[in-house]
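Chemist: Sending over a structure as structure tokens; questions will come in a sec.
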Amino acid sequence: MSEVADAVVVGAGLAGLAAAAELVDVGRKVVIVDQENANNIGGQAFWSFGGLFFVDSPMQRRLGIKDSYELALQDWMGNAGFDREREDRWPRKWAQAYVEFAAGEKYPWLAQQGLKLFPVVMWAERGGYGALGPGNSVPRFHITWGTGPGLVEIFLRRVMVGVECGLVRFAHRHRVDEIVLTNGAATGVRGSVLAPDDAARGVSSSREVVGDFEIAAQAVIVTSGGIGHNFDMVREDWPQRMGTPPMNMLAGVPAHVDGRMLAISEAAGASLVNRDRMWHYTEGIINYDPVWPSHGIRVGPGPSSLWLDATGKRLPVPLYPGFDTLGTMEYIVKTGYDYTWLILDQKIIEKEFALSGQEQNPDLTNRDLKLLLQRVRSGAPGPVEAFKQKGVDFIVSDNLADLVAKMNKLSGDDLLDYELVRGEVVARDREIENKYSKDMQVVAIRGARKYLADKIIRVASPHRILDPKAGPLIAVRLHLLTRKTLGGIETDLNSQVRRPDDTPFEGLYAAGEVAGFGGGGVHGYRALEGTFVGGCIFSGRSAGRGVAANLGTSRGRSSVSD
1135 MSEVADAVVV GAGLAGLAAA AELVDVGRKV VIVDQENANN IGGQAFWSFG GLFFVDSPMQ
1195 RRLGIKDSYE LALQDWMGNA GFDREREDRW PRKWAQAYVE FAAGEKYPWL AQQGLKLFPV
1255 VMWAERGGYG ALGPGNSVPR FHITWGTGPG LVEIFLRRVM VGVECGLVRF AHRHRVDEIV
1315 LTNGAATGVR GSVLAPDDAA RGVSSSREVV GDFEIAAQAV IVTSGGIGHN FDMVREDWPQ
1375 RMGTPPMNML AGVPAHVDGR MLAISEAAGA SLVNRDRMWH YTEGIINYDP VWPSHGIRVG
1435 PGPSSLWLDA TGKRLPVPLY PGFDTLGTME YIVKTGYDYT WLILDQKIIE KEFALSGQEQ
1495 NPDLTNRDLK LLLQRVRSGA PGPVEAFKQK GVDFIVSDNL ADLVAKMNKL SGDDLLDYEL
1555 VRGEVVARDR EIENKYSKDM QVVAIRGARK YLADKIIRVA SPHRILDPKA GPLIAVRLHL
1615 LTRKTLGGIE TDLNSQVRRP DDTPFEGLYA AGEVAGFGGG GVHGYRALEG TFVGGCIFSG
1675 RSAGRGVAAN LGTSRGRSSV SD
């Protein structure tokens, strides 16, 4: 006999926790099923930097940043580039709703639940194409004090209240294989029970099947994440406009991020849209201490490093570090090579190199003020220095000729001509020596330092890369790093799934990355950053509230959250 619940949530990541928390608030019984063990609660969000997109926040105002809903919406729409009449119908509505959320109740609502933020607002995706083009006009990337684990903690705490009072049960090592339908409505899930496995968080686990299960529910909420570690699916959905998908990629997410629920939801009758939109990074480095297969870490470089393609040519305007992720990806893929190079020096790496992910930022993750102060002292941050010493992609030398020779040896392609590389570096250095410049990257560096936070902790003072006092020289080989699905299951503003004819799918909801973070693609083609975990929270909350409204709230709200 199958278990019965008011709702079953497929996936114990941040979106699933946000949805379940809303249902706990109104006294509904929820079963959360996940193919991984309890060590993986929080999913990809746990591994994240915990970046959040806020508009006109108290932190922005304190730093003198003038932001507004109108400016943020202009940036979002220019960034998204929505151009599909049918598939972008709901994403456009989600985009407006999310910017309204980010400019309104998002901060006070999360702060009431215990959110604390690092006081410095970072500037991601700086654009460079004009006021109506892609990019953030102002800094909006807020870092959670506690990073990803700190965000997960907020929603898990609410869900655990439900566990303690018997409203919530976690069904770990339960893999959903089918959405159960009754007269066309989703009425539960069935699938396989996987063998117990005590693997650590993120480590690949057994797929041995030891049983089966079925759970009946009045609503099914799919929050299973994206396709980031399913390289075959990434290549299958690769956008035609970008040509042949790369042969070699690193994975920015664990192996269980496999995209299985997309096909399962489609088989049940859900509409999937914008599958060719995805968000992968161009600044991946091989993790010297991997947790999952092909584990890569993203470098978040500041604007001063010189970026060269595999043949030694400088990337074109405005493809500078931190300016346009998608544009850079499109350029790199068209070169026919799947790696690039950064050339920099010790002065730049100390000030500008950051590594994405909670485990690479122990000061912020552990809320350690003493450790945090080391960021403003001389020397690179500990995790960055560790990669410089141990990472296979890092090369250090006292002279450029030797550096280029080692770069050729590492790649094995012997593509770099020393004179070409030297010409790029020397030309860039000449521009630095003058307070005027036609080099837009040099202009961008100087412009960034007008923002106090960038000047203090993010952007090195302009200097020649070949200045011996700034050395030694450093080269970093960058790989393509898989990360996010931007398309997915189409949903309305209540996170209720739509069918291909745009009618509502009774009983079926979706949230988080599997739903393109809302609507089947709230970001369009590009993300402004800080919008992924926020998108999980917003769409998960919408799903929980949508289900609660459809089921009725006769049992009354609890006091877990307002």
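Residue numbers (this note's numbering): 1135 to 1696. For glycine and all other residues, C-beta sits at the position ideal for the given N, C-alpha and C.
May I ask which residues mark the beginning and end of the alpha helix (DSSP H) holding Lys1163?
Modeler: Premise fails: Lys1163 is in no alpha helix (DSSP H) and is neither H nor E.
Chemist: Cβ of Asp1371 within 8 Å of Cβ of Met1412?
Modeler: Closer than 8 Å, so yes.
Chemist: Report the three-state DSSP secondary structure of Met1256 (helix, strand or coil).
Modeler: Met1256: strand per DSSP, three-state reduction.
Chemist: Give the straight-line distance between the Cα atoms of Ser1688 and Ala1682, rounded to the nearest whole angstrom.
Modeler: Here the model assigns Ser1688 a pLDDT of 39, short of 50, so the residue's position is not dependable, and the following value carries that caveat. If I take the Cα positions, the gap works out to 10 Å.
Chemist: If you follow the beta strand (DSSP E) that Glu1312 is in, where does it begin and where does it stop?
Modeler: Taken as a continuous stretch (DSSP letters only), the beta strand (DSSP E) holding Glu1312 covers His1308 to Thr1316.
Chemist: Mind checking which residues open and close the beta strand (DSSP E) that includes Gly1322?
Modeler: Ala1319 to Leu1328 is the extent of the beta strand (DSSP E) around Gly1322.
Chemist: Considering only their Cβ atoms, is the gap separating Leu1151 from Val1254 smaller than 8 Å?
Modeler: Against a cut-off of 8 Å, the Cβ pair of Leu1151 and Val1254 comes out as no contact.
Chemist: Quick one: Cα of Lys1540 to Cα of Val1314, how far?
Modeler: The straight-line gap from Cα to Cα measures roughly 57 Å.
Chemist: Taking 8 Å as the cut-off, decide whether the C-beta atoms of Leu1384 and Ile1599 are in contact.
Modeler: No.
Chemist: Taking Cβ positions, are Gly1525 and Tyr1415 nearer each other than 8 Å?
Modeler: Cβ distance not < 8 Å, so Gly1525 and Tyr1415 don't count as in contact.
Chemist: Under the assumption that Ile1166 contacts Ala1305 (Cβ atoms under 8 Å), give the Cβ distance between them as a whole number of angstroms.
Modeler: Rounded, the Cβ-Cβ distance is 7 Å, consistent with contact.
Chemist: Any contact of the region 1619–1633 with the region 1442–1451, i.e. 3+ C-beta pairs under 8 Å?
Modeler: As far as the Cβ criterion goes, the region 1619–1633 does not touch the region 1442–1451, which means the pair count is below three.
Chemist: Between Ile1623 and Ala1401, is the Cβ-Cβ spacing less than 8 Å?
Modeler: Against a cut-off of 8 Å, the Cβ pair of Ala1401 and Ile1623 comes out as no contact.
Chemist: What is the DSSP secondary structure of Met1412, reduced to helix, strand or coil?
Modeler: Strand.
Chemist: Just to confirm the assignment, what range does the alpha helix (DSSP H) spanning Asp1536 have?
Modeler: Residues Leu1534 to Ser1545.
Chemist: Is it right to say Gly1145 is buried, meaning 16 or more other beta carbons lie within 10 angstroms of its own, or is it exposed?
Modeler: When all chains shown are included, Gly1145 counts as buried.
Chemist: With H, G and I counted as helix, E and B as strand and the rest as coil, what does DSSP make of Thr1278?
Modeler: In this structure, Thr1278 counts as strand in the three-state DSSP scheme.
Chemist: Looking at the secondary structure, which residues open and close the beta strand (DSSP E) in which Ala1350 lies?
Modeler: Where Ala1350 is concerned, the enclosing beta strand (DSSP E) stretches over Val1343 to Val1356.
Chemist: I'd like to know if the region 1259–1277 and the region 1356–1368 are in contact, where contact means that at least 3 CB-CB pairs between them fall below 8 Å.
Modeler: The answer is no - the region 1356–1368 does not touch the region 1259–1277, with fewer than three Cβ pairs under 8 Å.
Chemist: Since Val1538 contacts Val1560 with CB under 8 Å, what's their CB separation in whole angstroms?
Modeler: Contact flag wrong, Cβ pair sits at about 13 Å.
Chemist: Here's a check: name, in chain order, each residue in its chain whose Cβ is nearer than 6 Å to the Cβ of Ala1582, leaving out the five neighbours to either side.
Modeler: Taken in chain order, the residues that qualify are Pro1437, Asp1588 and Val1593.
Chemist: Should Leu1119 and Ile1529 be called a contact, given that it needs their Cβ atoms to be closer than 8 Å?
Modeler: Residue 1119 lies beyond the stretch modelled for the chain, which goes from 1135 to 1696, so this question has no answer here.
Chemist: Go ahead and label Met1193 buried or exposed: buried means 16 or more other beta carbons lie within 10 angstroms of its beta carbon, across all protein chains shown.
Modeler: Classification for Met1193: buried.
Chemist: Throw me the rounded Cβ distance for the Ser1326 and Val1648 pair, which I believe falls under 8 Å.
Modeler: Their Cβ separation, rounded to whole angstroms, is 19 Å, which puts Ser1326 and Val1648 out of contact at 8 Å.
Chemist: For Lys1618, does the three-state DSSP call read helix, strand or coil?
Modeler: In this structure, Lys1618 counts as strand in the three-state DSSP scheme.
Chemist: Report the three-state DSSP secondary structure of Ile1623 (helix, strand or coil).
Modeler: Here Ile1623 sits in strand by DSSP.
Chemist: When the distance is taken between beta carbons, is Leu1301 closer than 8 Å to Gly1161?
Modeler: Cβ atoms of Gly1161 and Leu1301: closer than 8 Å.
Chemist: Flag this pair as touching only if the region 1658–1669 and the region 1215–1224 have three or more C-beta atom pairs under 8 Å; answer yes or no.
Modeler: Yes, they touch.
Chemist: For Gly1678, which residues from the same chain have a beta carbon less than 6 Å from its beta carbon, with the 5 sequence-adjacent residues on both sides left out?
Modeler: Once the five neighbours on either side are set aside, the close Cβ partners of Gly1678 are Ala1153, Glu1156 and Leu1157.
Chemist: Could you check if Ile1361 is buried or exposed, using at least 16 other CB atoms within 10 Å of its CB as the buried criterion?
Modeler: Buried is the call here.
Chemist: Kindly provide the ranges of any beta strand (DSSP E) runs that are 3 or more residues long and lie completely inside the region 1450–1486, ordered along the chain.
Modeler: Those beta strand (DSSP E) runs which fall completely within the region 1450–1486 and span 3+ residues are 1473–1479.
Chemist: Does the distance from the C-beta atom of Phe1651 to that of Phe1666 stay below 8 Å?
Modeler: Yes, they are a contact pair.
Chemist: Ala1149 and Ala1645 look like a contact to me (Cβ under 8 Å); what is the Cβ gap, rounded to whole Å?
Modeler: Ala1149 to Ala1645, Cβ: 4 Å. Contact.
Chemist: Counting only the same chain and skipping the five closest in sequence on each side, list residues whose C-beta sits under 6 Å from that of Val1142.
Modeler: Within the same chain, Val1142 has close Cβ partners Val1165, Val1323, Ile1349, Ala1351 and Val1354.
Chemist: Have a look at His1429 and Tyr1465 and give me their C-alpha separation to the nearest angstrom.
Modeler: In a straight line, the C-alpha of His1429 is about 24 Å away from that of Tyr1465.
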